[in-house]
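25 is the number of the first residue of the sequence shown in the working numbering; add one for each residue after it. Glycine included, C-beta positions come from ideal geometry on N, C-alpha and C. What follows is a set of notes on a single structure, which appears directly below.
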Amino acid sequence: MADESFTNPRLAAIYDVLDPDRSDLDAYVRIAKESGARRVLDIGCGTGVFALLLADRGIEVVGVDPAGASLDVARGKPGSERVRWIHGDATALPPLRTDLATMTANVAQAIVDPETWRLTLRGAHEALRPGGLLVFETRDPARRAWEEWNRRESYRVTDIPGGGEVETWVRLVDVSGPLVTFRWTYAFAADGQVLTSDSTLRFRERQEIEADLTARGYVVEDVRDAPDRPGREFVFLARRPDPDQEPAP
Numbered sequence: 025m026a027d028e029s030f031t032n033p034r035l036a037a038i039y040d041v042l043d044p045d046r047s048d049l050d051a052y053v054r055i056a057k058e059s060g061a062r063r064v065l066d067i068g069c070g071t072g073v074f075a076l077l078l079a080d081r082g083i084e085v086v087g088v089d090p091a092g093a094s095l096d097v098a099r100g101k102p103g104s105e106r107v108r109w110i111h112g113d114a115t116a117l118p119p120l121r122t123d124l125a126t127m128t129a130n131v132a133q134a135i136v137d138p139e140t141w142r143l144t145l146r147g148a149h150e151a152l153r154p155g156g157l158l159v160f161e162t163r164d165p166a167r168r169a170w171e172e173w174n175r176r177e178s179y180r181v182t183d184i185p186g187g188g189e190v191e192t193w194v195r196l197v198d199v200s201g202p203l204v205t206f207r208w209t210y211a212f213a214a215d216g217q218v219l220t221s222d223s224t225l226r227f228r229e230r231q232e233i234e235a236d237l238t239a240r241g242y243v244v245e246d247v248r249d250a251p252d253r254p255g256r257e258f259v260f261l262a263r264r265p266d267p268d269q270e271p272a273p
């Protein structure tokens, strides 16, 4: 189930305004360019920011997301007709043959159920052509990012065009092993409405992720630093092997 910030139409409509700096996507755009990808599967595409960045570059994109309200925002953006939008997740995709599959931002960590995680990796593997690449990021648990998730660090007021000011802040709710739950609050000045959205992320160790990828048939080619958050995240590049390109024994 997607969080309220993605499924509630009022919250989905302001998501991009509240998070305008998407420089985190630059690394993914570079990887798409470096790999020569012509067809990309954007898993957890949300409001379509990354999918449309790629489509603007002439890349054929499939965006999949379980949150209908976020997809409605994506479909309403200029150029959205160039992207194939799918309401669902990577565990049940139609037949695809993509060069690259991505899970940007919190997507990989938001898949907290171990079986759903395994099925997502399998679904991405099946969607990739032989030789295709899966790229995603996840926070390093050792950095304990959740210790900064509080009202003092996160409070801000944003002026929404045509919608007035919105106060937002986050509060840590629970830490249970690898699972971290937090709550965003949104207070709308225009009508006084206050909405909340609870989220849970799974903080996986690097070795655990590498083992999961290997078990699903990937070859882990690289684990990089996230350029926008150096020393805080892992960026995994895992390839579906191409038997036709393997050297003869």
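Query, Result
"Note the first and the last residue of the continuous alpha helix (DSSP H) segment covering L237.", "R230 to A239"
"Between which two residues does the alpha helix (DSSP H) carrying D40 extend?", "P33 to L42"
"Beta-carbon within less than 8 angstroms of V136's beta-carbon, same chain only, minus the 5 sequence neighbours each way: which residues are those?", "L203, T224, L225 and R226"
"Using beta-carbon positions only, say whether T126 and V88 come within less than 8 angstroms of one another.", "no"
"To which residues of the same chain is F258 closer than 7 angstroms at the C-beta, ignoring the five residues directly before and after it?", "E161, T162, D164, R230 and V247"
"By alpha-carbon positions, which one of P90, G92, A114 and V85 ends up nearest to S104?", "V85"
"Since R167 and R228 are thought to touch, with beta carbons under 8 angstroms apart, how far apart are those beta carbons, to the nearest angstrom?", "Not really, about 13 angstroms apart at Cβ, beyond 8 angstroms."
"Kindly indicate the opening and closing residues of the alpha helix (DSSP H) around D96.", "G92 to R99"
"Report back the beta-carbon spacing between V197 and Y210 to the nearest angstrom; my notes put them in contact at under 8 angstroms.", "Between Y210 and V197 the Cβ distance is about 16 angstroms, and since that is not below 8 angstroms, they are no contact."
"Whose C-beta lies closer than 8 angstroms to the C-beta of T128 among residues of the same chain, with five residues either side of it excluded?", "D48, L49, Y52, D66, G68, F74, F160 and E161"
"With a cut-off of 8 angstroms on the beta carbons, I'd call T144 and V64 a contact; round off their distance for me.", "About 16 angstroms; that fails the 8 angstroms criterion."
"Have a look at A214, V41, E58 and L237 and flag the residue whose alpha-carbon is nearest the alpha-carbon of E71.", "A small correction: the amino acid at residue 71 is Thr; Glu does not occupy that position in the sequence shown. For T71, the nearest C-alpha among the options comes from V41."
"What are the partner residues of R163, as DSSP defines its beta bridges?", "E257"
"DSSP state of E28, grouped into three classes?", "helix"
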